[in-house]
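K.L.:
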Amino acid sequence: MGHFCVQCGAPLVTRIIEGRELEACPNDDFVLWRDPKVAAAVVVEADGGIVLGRRAIEPGRGLWCLPGGFVNHDEDPAVAAVRECWEEVGAEVELIELLGVYHVAKTTASSIVGIAYRGRLSPGSKMAAGPEMLEVAVFRPDAWPEIAFPSHRQVLALYAGAPGRSASRPSPAPAPPPPPRTR
1176 MGHFCVQCGA PLVTRIIEGR ELEACPNDDF VLWRDPKVAA AVVVEADGGI
1226 VLGRRAIEPG RGLWCLPGGF VNHDEDPAVA AVRECWEEVG AEVELIELLG
1276 VYHVAKTTAS SIVGIAYRGR LSPGSKMAAG PEMLEVAVFR PDAWPEIAFP
1326 SHRQVLALYA GAPGRSASRP SPAPAPPPPP RTR
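Here the numbering used here is used: the first residue of the sequence shown is 1176, the next is one more, and so on.
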């Protein structure tokens, strides 16, 4: 894949480590672990419905989504969720509760751990589409538009089935079997 060791600069080679194919240095103990990215999204309650943004960018340009995005390496996920609401729908949001944590396997080499919150607009807060959104609107659960991401559809279905009750759903893909134990 063209990766190099951060310790000695040698090209990485594929090795089986803990039952997985990973890139590792042939000269030292460096392993390029494929850790998931962390994302946060918020089901924002407003005016009897849910705030959604229509995406101005790919993936999912023109489709609707929950406000949310990636968590920075030095950021608490709840802080990231509030920041993403401000950036994407121009609204100050108060988080009410954690709705769930889910796993999205994007490819064999990458995945996302999503953290979904329930929130509400802060008193007096207005909404305005940020640079990643074409528009922002409030939708009732019986009239949701086409949603861009399967993970957001999953979170909305969970919310619609049990608003006000926290829950967590496992990844839609079955978990791989644990690697065989060796001693």
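Every residue gets a Cβ at the ideal spot worked out from N, C-alpha and C, and that includes glycine.
1. What ranges does the beta strand (DSSP E) occupy inside the region 1232-1266, keeping only unbroken runs of at least 3 residues that lie completely in it?
2. Should the region 1256-1274 be regarded as contacting the region 1200-1217, the criterion being three or more beta carbon pairs within less than 8 Å?
3. Please list, in chain order, all residues of the same chain as residue 1259 whose beta carbon is under 7 Å from its beta carbon, the five residues on each side excluded.
4. Can you tell me whether residue 1185 is helix, strand or coil according to DSSP?
5. Since residue 1274 contacts residue 1333 with CB under 8 Å, what's their CB separation in whole angstroms?
6. Does the region 1317-1328 come close enough to the region 1221-1241 that 3 or more CB-CB pairs lie under 8 Å?
7. Specify, as a first and last residue, the run of the beta strand (DSSP E) that residue 1328 falls within.
8. Is the CB-CB distance between residue 1313 and residue 1226 below 8 Å?
9. Does the Cβ of residue 1183 have 16 or more other Cβ atoms within 10 Å, making it buried, or fewer, making it exposed?
10. Near residue 1263, which residues of its chain fall below 6 Å by C-beta distance, leaving aside the five closest residues on each side in sequence?
11. For the beta strand (DSSP E) holding residue 1318, just list the boundary residues, first then last.
P.N.:
Put simply:
1. 1243-1245
2. yes
3. 1215, 1242, 1243 and 1244
4. coil
5. 6 Å
6. yes
7. It is not in any beta strand (DSSP E) - residue 1328 instead sits in the alpha helix (DSSP H) that spans 1325-1336.
8. yes
9. exposed
10. 1228, 1242, 1305, 1307 and 1308
11. First-last for residue 1318: undefined, no H or E at that position.
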